[in-house]
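Residue numbers (the numbering used here): 42 to 599. Ideal placement from N, C-alpha and C gives every residue a C-beta, glycine not left out. I have placed the structure first, in the form of structure tokens, so that the comments after it can refer back to it.
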Ligand code: TEU
Ligand code: CA
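This is the structure:
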């Protein structure tokens, strides 16, 4: 084993989106007490690390990704005492807690920004990025916000623009200013001293800007992320500083959200000799069906590009850094709807995807509801959508005279609210999520997709997931073993081995609704995981049923 063993490599991350997990006080909004009430459920999943979406004070322009106080809890979610109790309850059950730190930007209602906008000589002016208009009166650069419109907002008070890569209520912090870095380091220290186990760091790749800020000619959205917004010249200096001054003093982990990270530069962030981040969430595969115009410019998906992503990232990070493995989160469609089949084979194909997530090399991150195969939702009216991205881009479409109907169809496929509908606990009112009307409508399929039903069904995804998480703990090869794809070029199958001195396994995954065969001399000793009863192996050939997924222990270890 070339890498150093580590709890965050062996653990399984489970992501809770607090607003949509469980409401405890009947205001229709999920809260921390709700999570506390579900601690036994979380323990029953055998997960190791809970990634809690941002729970800090926030006006909720972007559901907590716009923080107005990093050291206090959002009113709707509860109190600091609730957070302390959650932390204690998790630790008692052997589960670590990751908080979601949003350090690229704050809310415009943060006191730093309220000061900053007051005058050009305010001591907080340089906490943010201010620029005058271009001589012709245009905004300082032609950059486009990820959520539509310009990245620059004009502020009358001082007759300048401030930079916001996300919404205008999310002004970018100026990391060039050592005072800003000190403030944010103190925030980390505050939470680590409380005993939290680490952080998911929101768009951490964007914190260093390339000065002077200049117009870009690049049209392709993903390329803009990579070349203009991400990995600025001082990024590694900043991360090293934070690591050295704070993170390295605790047994904690960090996972940086990494839009714009590439296989060429990923190790600069996570290489074991770098002392920066533990891991990153590379997002390349989340954009794999995006055309030049971004997520609502959809191009056909190919299994080979998904596999290529896993192969190249494993190769890049395998020996020096550490990877993460995921197929969705609070920003992207439900994995069963996007990568598999959410109708006839919903249960079977979700089991297959989970089999993959738990057996690739890298720390798996599972989004709430995947363990019961929750699906995308298709609201009929824009009135039912809550996401600021959807609202802003709808406005752009309207202004450009483009068809709303067309956009609604695209939102059904790509919108972020697909994954933000409330967790489906049972068939009671509001799926057991809340006693009153939830902040966002439920997916009507809660009548048959819910935790209670899954608990009662021996063949459910839920029981299957528990088995997978338990098995991963027993087979260190699934964590550390070398990975090698055997099905290169196939648009139907994903077949790979995991091997080390402790064992050898072949993982066979059928990504189609048809029977497929796979020829290999690697004969089975025993089948450890299977979403069907049988796995025929005859004349050196495995036969796989529609969306079948299996983990097979091989006769001979390496
Ligand atoms: O997301 C950053 C990110 O890369 C997104 O721009 C992603 O491309 C987008 O959500 C796709 O529609 C993070 C958070 O995960 C997201 O929820 C926040 O809205 C965003 O940062 C701003 O904080
Ligand atoms: Ca509530």
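Proximity annotation: ligand 2 has residues 64, 66, 68, 70, 72 in chain order, each selected because its CB is closer than 5 Å to a heavy atom of the ligand. A straight line joining the alpha-carbon of residue 592 with that of residue 115 spans about 43 Å. Residue 535: member of the beta strand (DSSP E) spanning 534 to 541, first to last residue. In the DSSP secondary-structure assignment, residue 137 is bridged to 90. Of the other Cβ atoms in all chains shown, fewer than 16 fall within 10 Å of the Cβ of residue 555; this residue is therefore exposed. With respect to the 8 Å criterion, residue 562 and residue 581 are classified as neighbours on the basis of their beta carbons.
The nearest non-hydrogen atom of ligand 1 is 7 Å or more from the C-beta of residue 310. The alpha carbon of residue 551 has as its nearest neighbour, out of 586, 519, 522, the alpha carbon of 586. For residue 389, no beta strand (DSSP E) run applies; the uninterrupted alpha helix (DSSP H) run containing it begins and ends at 387 to 400, by DSSP. Residue 146 is bridged by DSSP to 213. When DSSP reads this structure, residue 405 sits in a beta bridge with 366. Not one heavy atom of ligand 1 falls within 7 Å of the beta-carbon of residue 505. The three-state secondary structure of residue 59, taken from DSSP, is helix. For residue 275, same chain residues with a beta-carbon under 8 Å away, outside a window of 5 residues either side, are 216, 217, 249 in chain order. Around the CB of residue 423, fewer than 16 other CB atoms lie within 10 Å, so the residue is classed as exposed.
For the set 341, 542, 543, 531, the Cα lying nearest the Cα of residue 549 is the one of 531.
DSSP places residue 379 in the helix class (H, G or I) of the three-state scheme. Counting only unbroken stretches of 4 or more residues, the alpha helix (DSSP H) elements lying wholly within the stretch 471 to 556 are 492 to 497, 502 to 515, 517 to 521, in sequence order.
Under the Cβ criterion (8 Å, minimum of three pairs), the stretch 518 to 527 counts as touching the stretch 537 to 544. Sorting 483, 454, 50 by C-alpha distance to the C-alpha of residue 468 places 483 at the top.
Closer than 7 Å to some heavy atom of ligand 1: that does not describe the Cβ of residue 368. Comparing alpha-carbon positions, the option among 471, 207, 271, 182 lying closest to residue 433 turns out to be 207. The count of Cβ pairs closer than 8 Å, one atom from the stretch 53 to 65 and one from the stretch 83 to 97, reaches three, so the stretches are in contact. Residue 108 and residue 502 have their C-alpha atoms some 36 Å from each other. Straight-line spacing of the CA atoms in residue 417 and residue 369 works out to 11 Å. When DSSP states are grouped into helix, strand and coil, residue 66 belongs to the coil group. Between the alpha carbons of residue 340 and residue 327 lies a gap of roughly 13 Å. Set against 7 Å, the gap from the CB of residue 170 to the closest heavy atom of ligand 1 is not smaller. Residue 379 counts as buried, since at least 16 other C-beta atoms from the protein chains shown sit within 10 angstroms of its C-beta. For the pair residue 82 and residue 75, the Cα-to-Cα distance works out to about 12 Å. The continuous beta strand (DSSP E) containing residue 335 extends over residues 335 to 339. The Cβ atoms of residue 240 and residue 358 lie no closer than 8 Å to each other. The straight-line gap separating the alpha-carbon atoms of residue 404 and residue 120 is approximately 31 Å. Here residue 376 is not near residue 535, since their CB atoms are 8 Å or more apart. The residue from 324, 333, 337 with its alpha-carbon nearest to that of residue 347 is 324. Distance between residue 202 and residue 124, taken at the CA atoms: about 37 Å.
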